[in-house]
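When you line the sequence shown up against the numbering used here, it's residues 11 to 228, in that order. Using N, Cα and C, we set each Cβ at its ideal position, and we do this for glycine too. Remarks on the structure that follows.
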Amino acid sequence: MRKWTLAFFILMVASTSAWAADSASNRKDTLLWIGYQPVGVHVPTVAAPPLHMGISLTDNFVFGVDSGEQTYTDTVEGSDVSLTYSNQGAWARWFVGNSFYLKAGYHQRTWDATGTYTEVWTSTYSTATYTAKANIKAEAQVASFGIGNIWLFDAGFYIGADWFVAESVLSGKHSYTITSNTGIDTATAQEEFDLMGQTMNQISGLGGAAIFTLGWAF
Numbered sequence: 011m012r013k014w015t016l017a018f019f020i021l022m023v024a025s026t027s028a029w030a031a032d033s034a035s036n037r038k039d040t041l042l043w044i045g046y047q048p049v050g051v052h053v054p055t056v057a058a059p060p061l062h063m064g065i066s067l068t069d070n071f072v073f074g075v076d077s078g079e080q081t082y083t084d085t086v087e088g089s090d091v092s093l094t095y096s097n098q099g100a101w102a103r104w105f106v107g108n109s110f111y112l113k114a115g116y117h118q119r120t121w122d123a124t125g126t127y128t129e130v131w132t133s134t135y136s137t138a139t140y141t142a143k144a145n146i147k148a149e150a151q152v153a154s155f156g157i158g159n160i161w162l163f164d165a166g167f168y169i170g171a172d173w174f175v176a177e178s179v180l181s182g183k184h185s186y187t188i189t190s191n192t193g194i195d196t197a198t199a200q201e202e203f204d205l206m207g208q209t210m211n212q213i214s215g216l217g218g219a220a221i222f223t224l225g226w227a228f
């Protein structure tokens with residue numbers, strides 16, 4: 011399956027490159043870029059696919075911003091839980107060929123979630139379940155560097171892919187407020203919710219690959 015997937019991407023890149031062989035010339039007539047990143051192997055992106063807006067500062071240098079937000083809800087053990095993830099940032103692309111570019115970015119990624127920690131104690135005669143719940147907030151500032159291609163067609167439509175993105179959390183913070191506790195040791199609950207906040211910021215700094223962009227340039 012992996013071989014077929016790799017072959018598909020190679021064929022797509024090769025054929026698309028042929029269709030948009032004059033991307034560099036098309037960039038000379040372009041000022042504004044509008045795009046959307048619907049898919050990719052990158053949790054911070056696919057968790058809330060962002061909209062992009064960029065401006066050409068030169069034929070080979072584009073500066074832009076992007077923003078995405080998504081709320082997820084579910085029911086766990088009879089209680090409604092939710093998670094809101096927000097991703098805003100700025101980026102720059104420097105084209106060093108017809109379609110190949112180097113990319114740098116800076117993003118602020120925030121999580122606002124309800125967290126639940128459960129312990130089950132079993133004895134010879136009974137089973138007891140204890141639950142603690144908390145509101146958890148996490149925020150991370152993330153720097154990223156990557157490489158990719160954008161093929162710009164004569165009509166203004168473009169297809170792009172960040173083939174590889176490396177990211178690093180520059181700074182992060184998290185907090186939590188315990189809203190209920192039916193019998194879990196307070197120190198244990200605090201440790202678990204603190205770990206959840208740390209994990210959210212770690213996710214914000216994950217790298218990725220094959221992050222695709224579709225859009226229009228004018």
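query	result
First and last residue of the alpha helix (DSSP H) that includes G45?	Segment L42 to V51 is the beta strand (DSSP E) holding G45; no alpha helix (DSSP H) there.
Taking DSSP as the reference, what is the three-state secondary structure of N191?	strand
With 16 as the cutoff for other CB atoms within 10 Å, does P54 come out buried or exposed?	buried
With contact counted as at least three CB pairs below 8 Å, one residue from each stretch, are the segment 165 to 174 and the segment 128 to 139 in contact?	no
Is the beta carbon of I221 sitting closer than 7 Å to the one on Q47?	yes
For a test of the three-state rule: what should DSSP assign to A219, helix, strand or coil?	strand
With the cut-off set at 7 Å, would you say R119 and S214 are in Cβ contact?	yes
Can G230 and A144 be called in contact, C-beta distance under 7 Å?	The displayed coordinates of the chain run from 11 to 228. Any statement about residue 230 would go beyond what the structure contains.
Between which two residues does the alpha helix (DSSP H) harbouring A57 extend?	Note, A57: premise wrong, no alpha helix (DSSP H); not H, not E.
In whole angstroms, what is the alpha-carbon distance linking S109 and A57?	27 Å
With a 10 Å radius around its C-beta and 16 neighbouring C-beta atoms as the bar for buried, classify L16 as buried or exposed.	Summary for L16: the model assigns pLDDT 46, below 50, so the residue's position carries little reliability; its value from the coordinates is reported in the next sentence. Exposed, since its Cβ has fewer than 16 Cβ neighbours within 10 Å.
Identify, in the order they occur along the chain, each residue of the same chain with its Cβ nearer than 6 Å to the Cβ of G115, setting aside the five sequence neighbours on each side.	G99, W101 and S154
Checking 7 Å against the spacing of the C-beta atoms, do E79 and S92 come in under that value?	no
Rounded to the nearest angstrom, how far is the Cβ of D84 from that of L61, given a contact under 8 Å?	Contact flag wrong, Cβ pair sits at about 26 Å.
Can you give the beta carbon distance from A227 to W43, rounded, assuming they're within the 8 Å contact cut?	5 Å
Which word fits W14, buried or exposed, when buried means at least 16 other C-beta atoms lie within 10 angstroms of its C-beta?	Confidence at W14 is low in this model, with a pLDDT of 45, below 50, so the placement of that residue should be treated as unreliable; the coordinate-derived value is given next. That one is exposed.
Between which two residues does the beta strand (DSSP E) containing F110 stretch?	F110 to T132
When the Cα of G193 is compared with those of W131, A123 and G45, which residue comes out closest?	W131
Locate the alpha helix (DSSP H) running through N36, then write down its first and last residues.	S33 to R37
Buried or exposed: which applies to F73, given that a residue is buried once 16 or more other Cβ atoms fall within 10 Å of its Cβ?	exposed
Can you check DSSP and say which residues form a bridge with Q151?	Q118 and S181
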